[in-house]
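Chains as they are written, first to last, in this note's numbering: chain Y, 26 to 280; chain W, -17 to 245.
Spelled out as structure tokens, the structure:
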């Protein structure tokens, strides 16, 4: 028995019916599917909110203690719209200080947080600007302000440093590139142009979409990226949960 | 009889898929989808299979996913097949992976392969010099054989690292500019020399097995990409996961487009 002919006939019939129903009918069906997806997100959002409140109230045992030593460097990516509300960023930093996080990199693509740097440092108690060298101030929280200019533009500046080295070292007809163009050399050149070497262990994204939004690529190799939702409706319990989950992660680095 | 039932089921499945994809295409669809195929070893362990079976099961899943993507009309698909870090695995495992890759790369040249069915242009992206001669030669042969295809594109990242890709792009830009007596490298020079410049930036990046990191994959290109971390292990990934990712992409599409315009 060959089932192809009836299937082809059915396919053709459906094609004709769809033509009659047209894009309008399919569009309605598409909208219906999206309403179902939205409902799923609403329901899971409610569950997350309830869980978050339970965590904040200390009702869930496993979140009451976090091995914060495992989190050496945290990065927070903030959507541009959210970055305009500095008070929410300050509140987040105060929560992170309470949890015991020592080092936080704050990123927004347009550098709005960089512009509000002084205000943020003033409003967050015991906060200091992260310095690359020198003794770390262990009592407070060290902040770093990052934007898109620290991503691809920094790599271009570093590339030009290597370019100059290459021009000086090369002989005509012989490619000396192997001694100049390695990851170590580019890393060093990035340090020279002021791009920080602090590689975040965990990246929290506050925005509508789970995306790193252009955070400096060179630093993201093995960073755990977690979507926290909107900054406006951020929750302390969700923050604790994300950090706790991170402390349980075991990486094998590809091996 | 069993074969015919299977054929009927396959026909019904294909037909239902067509209907579903017709509905999905009422909204915006991604142009470029990237996959980190994580979890093959864990899958084999979970099922009590012998070493290496997980990767074979993973390959089968990959073929299904490619079929769904190309049926849906997604033009570019990138897969993270083998990282430079993976060379540090046990030599027997690396050799077995290389043997599997060689077998599968050669099979792409078969007339019945998915490459011919969908007119796929295949690129192998990565530091191919790190591969053994046989695998490298097979990869180059496939790239040459499919160079004239233009309908859809498959980018296979093998012996690849994002940081290595960036360094190689910087090197190529510098060597090129030095020959032309230019004084400065510009961003456009580096971007042109990135191996992934043959495709636009990914719209969606899907990682299986629940891990939330990118593991040095497409770090430069994913600034505007929506990242998905699915709990299922790679061989367990199916149509429902792809559909879920696309539905969520459609919800975020206007935000991501707005962001691209702002930059």
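We put the beta carbon where it would ideally sit given N, CA and C, even for glycine.
Inset, instruction - Could you work out which residues of chain W lie near residue 55(Y), taking near to mean beta carbons separated by less than 8 Å? - result: As a first step, residue 55(Y) must be located in the first chain, where it is residue number 30. Correct list: 5, 6, 8, 9.
Inset, instruction - Please say whether residue 130(Y) and residue 172(Y) have beta carbons closer to each other than 7 Å? - result: Numbered from 1 along the first chain, position 147 holds the residue referred to as residue 172(Y). Numbered from 1 along the first chain, position 105 holds the residue referred to as residue 130(Y). Contact flag unset, no.
Inset, instruction - Taking the CB atoms as reference points, tell me whether residue 241(Y) and residue 175(Y) lie closer together than 7 Å. - result: The residue given as residue 241(Y) occupies position 216 in the first chain. The residue given as residue 175(Y) occupies position 150 in the first chain. In contact: residue 241(Y) and residue 175(Y) (Cβ atoms closer than 7 Å).
Legend entry - Expected contact under 8 Å - CB spacing of residue 218(Y) and residue 193(Y) to nearest Å: Numbered from its first residue, the first chain carries residue 218(Y) at position 193. Numbered from its first residue, the first chain carries residue 193(Y) at position 168. Not really, about 18 Å apart at Cβ, beyond 8 Å.
Inset, instruction - Use the C-beta contact count for residue 177(W): other C-beta atoms within 10 angstroms, 16 or more gives buried, fewer gives exposed. - result: Against the second chain, residue 177(W) aligns to sequence position 195. With 16 or more other Cβ atoms within 10 Å, it is buried.
Legend entry - Rounded straight-line distance, which links the Cα of residue -8(W) to that of residue 188(Y): As a first step, residue 188(Y) must be located in the first chain, where it is residue number 163. As a first step, residue -8(W) must be located in the second chain, where it is residue number 10. Residue 188(Y) and residue -8(W): Cα-Cα distance of roughly 57 Å.
Legend entry - Coil, strand or helix - residue 159(Y) by DSSP: Within the first chain, numbered from 1, the residue matching residue 159(Y) stands at position 134. The predicted position of residue 159(Y) is uncertain, since its pLDDT is 49 and thus under 50; no value can be drawn from it.
Inset, instruction - Could you tell me which residues DSSP puts in a beta bridge with residue 152(Y)? - result: Counting from 1 along the first chain, the entry for residue 152(Y) is found at position 127. In the DSSP output, where bridge partners are listed per residue, residue 152(Y) has 166(Y).
Inset, instruction - Could you pull out every residue in the same chain whose Cβ sits closer than 6 Å to the Cβ of residue 220(Y), ignoring the five residues on either side in sequence? - result: As a working mapping, residue 220(Y) is identified with position 195 in the first chain. Closer than 6 Å at the Cβ level, and outside the excluded window around residue 220(Y), lie 175, 179.
Inset, instruction - Please state whether DSSP places residue 278(Y) in a helix, a strand or coil. - result: Taking the first residue of the first chain as 1, we reach residue 278(Y) at position 253. If DSSP states are grouped into helix, strand and coil, residue 278(Y) belongs with coil.
Legend entry - Own chain residues within Cβ distance below 7 Å of residue 210(Y), not counting five before or after: Here the question's residue 210(Y) lines up with position 185 in the first chain. The residues are 187.
Inset, instruction - Mind the definition here: the stretch 140 to 155 of chain W touches the stretch 61 to 77 of chain W only if three or more C-beta pairs lie below 8 Å; say whether that holds. - result: Between the stretch 140 to 155 of chain W and the stretch 61 to 77 of chain W, the count of Cβ pairs shorter than 8 Å is three or higher; the stretches touch.
Inset, instruction - For residue 259(Y), decide whether its Cβ has a neighbour in chain W, counting only Cβ atoms nearer than 7 Å. - result: On the first chain, residue 259(Y) is found 234 positions in, with the first residue counted as 1. It does not: the Cβ of residue 259(Y) has no partner Cβ on chain W nearer than 7 Å.
Inset, instruction - Would you mind working out which of 108(W), 183(W), 118(W), 14(W) sits nearest residue 149(W), comparing C-alpha positions? - result: For the purposes of this step, residue 149(W) is taken as the residue at position 167 of the second chain. When only C-alpha atoms are compared, the closest one is 108(W).
Inset, instruction - Tell me, please, whether the CB atom of residue 159(Y) is closer than 7 Å to any CB atom in chain W? - result: Locating residue 159(Y) in the first chain gives position 134, counting from the first residue. Confidence at residue 159(Y) is low in this model, with a pLDDT of 49, below 50, so its placement is unreliable and no value can be given for it.
Inset, instruction - Spell out a yes or no on whether the stretch -16 to 3 of chain W and the stretch 182 to 199 of chain W are touching, meaning 3 or more CB-CB pairs, one atom from each, closer than 8 Å. - result: no
Inset, instruction - Could you list which residues in chain C have their beta carbon closer than 9 Å to that of residue 237(Y), in chain order? - result: Chain labels in this structure do not include chain C; the protein chains are Y and W.
Legend entry - Cross-chain neighbours of residue 68(W) in chain Y, by beta carbon under 7 Å: What you label residue 68(W) is simply residue 86 of the second chain in a count that begins at 1. Neighbours of residue 68(W) on chain Y, chain order: 279.
Inset, instruction - Taking C-beta pairs closer than 8 Å, name the residues in chain Y that residue 229(W) reaches, listed in chain order. - result: The count along the second chain starts at 1 and reaches residue 229(W) at position 247. Chain Y residues near residue 229(W): 58, 59, 62.
Inset, instruction - Report all residues from its chain with a CB closer than 6 Å to the CB of residue 113(W); omit the five preceding and five following residues, and keep chain order. - result: For the purposes of this step, residue 113(W) is taken as the residue at position 131 of the second chain. Excluding sequence neighbours, residue 113(W) sits near 141.
Legend entry - Which residues DSSP lists as bridging residue 137(W), in chain order: By 1-based counting over the second chain, the position of residue 137(W) is 155. Residue pairing by DSSP places residue 137(W) opposite 60(W), 105(W) in a beta bridge.
Legend entry - Neighbour list for residue 24(W) in chain Y, Cβ cutoff strictly below 7 Å: Taking the first residue of the second chain as position 1, residue 24(W) is located at position 42. Per Cβ cutoff of 7 Å: no residues; residue 24(W) is ~11 Å from chain Y at best.
Legend entry - Partners in chain Y for residue 29(W), counting only beta-carbon separations shorter than 8 Å: On the second chain, residue 29(W) is found 47 positions in, with the first residue counted as 1. What residue 29(W) touches in chain Y: nothing, since even the nearest Cβ is about 20 Å away.
Legend entry - First and last residue of the uninterrupted alpha helix (DSSP H) at residue 100(Y): On the first chain, position 75 is the one that residue 100(Y) refers to. Here residue 100(Y) belongs to no alpha helix (DSSP H); instead the beta strand (DSSP E) covers 99 to 103.
Inset, instruction - Tell me where the alpha helix (DSSP H) around residue 249(Y) begins and ends. - result: Taking the first residue of the first chain as 1, we reach residue 249(Y) at position 224. Not the alpha helix (DSSP H): residue 249(Y) falls in the beta strand (DSSP E), residues 249 to 254.
Inset, instruction - For residue 160(W), decide whether its Cβ has a neighbour in chain Y, counting only Cβ atoms nearer than 7 Å. - result: Reading the second chain from its first residue, position 178 is the one you call residue 160(W). Answer yes: the Cβ-Cβ gap between residue 160(W) and chain Y drops below 7 Å somewhere.
Legend entry - Counted within 10 angstroms of its Cβ, other Cβ atoms place residue 248(Y) as buried (16 or more) or exposed: Residue numbering aside, residue 248(Y) sits at position 223 when the first chain is read from its first letter. By the 10 Å Cβ count, residue 248(Y) comes out buried.
Inset, instruction - Report the residue from 234(Y), 92(Y), 154(Y), 229(Y) whose alpha carbon sits nearest the alpha carbon of residue 4(Y). - result: No statement about residue 4(Y) is possible, as the shown extent of chain Y runs from 26 to 280 and does not include it.
Inset, instruction - Pair every Cβ in the stretch 141 to 152 of chain Y with every Cβ in the stretch 252 to 261 of chain Y, then say whether three or more of these pairs are closer than 8 Å. - result: no
Legend entry - is_contact[residue 169(W), chain Y] using C-beta, thresh 7 Å: As a position in the second chain, residue 169(W) is number 187, starting the count at 1. Taking Cβ atoms only, chain Y reaches closer than 7 Å to residue 169(W), which makes this a yes.
Inset, instruction - Identify, in the order they occur along the chain, each residue of the same chain with its Cβ nearer than 6 Å to the Cβ of residue 42(Y), setting aside the five sequence neighbours on each side. - result: Working through the first chain from its first residue, we reach residue 42(Y) at position 17. None.
Inset, instruction - Indicate whether the contact test is met: 3 or more Cβ pairs, each with one atom in the stretch 0 to 16 of chain W and one in the stretch 39 to 46 of chain W, closer than 8 Å. - result: no
Inset, instruction - Could you check the C-alpha separation between residue 184(Y) and residue 64(Y) for me, to the nearest Å? - result: As a position in the first chain, residue 184(Y) is number 159, starting the count at 1. As a position in the first chain, residue 64(Y) is number 39, starting the count at 1. Whole-angstrom Cα-Cα distance: 48 Å.
Legend entry - 8 Å Cβ shell around residue 172(W) - same chain, five flanking residues per side excluded: As a first step, residue 172(W) must be located in the second chain, where it is residue number 190. Within its own chain, the residues whose Cβ lies closer than 8 Å to the Cβ of residue 172(W), once the five positions on either side in sequence are excluded, are 148, 151, 152, 155, listed in chain order.
Inset, instruction - Return no unless some Cβ of chain Y is closer than 7 Å to the Cβ of residue 156(W). - result: For the purposes of this step, residue 156(W) is taken as residue 174 along the second chain, with counting starting at 1. A Cβ of chain Y is located within less than 7 Å of the beta carbon of residue 156(W).
Legend entry - Alpha carbon of residue 153(Y) to alpha carbon of residue 234(W), nearest angstrom: As a working note, residue 153(Y) is residue 128 in the first chain. As a working note, residue 234(W) is residue 252 in the second chain. Their Cα atoms are separated by approximately 36 Å.
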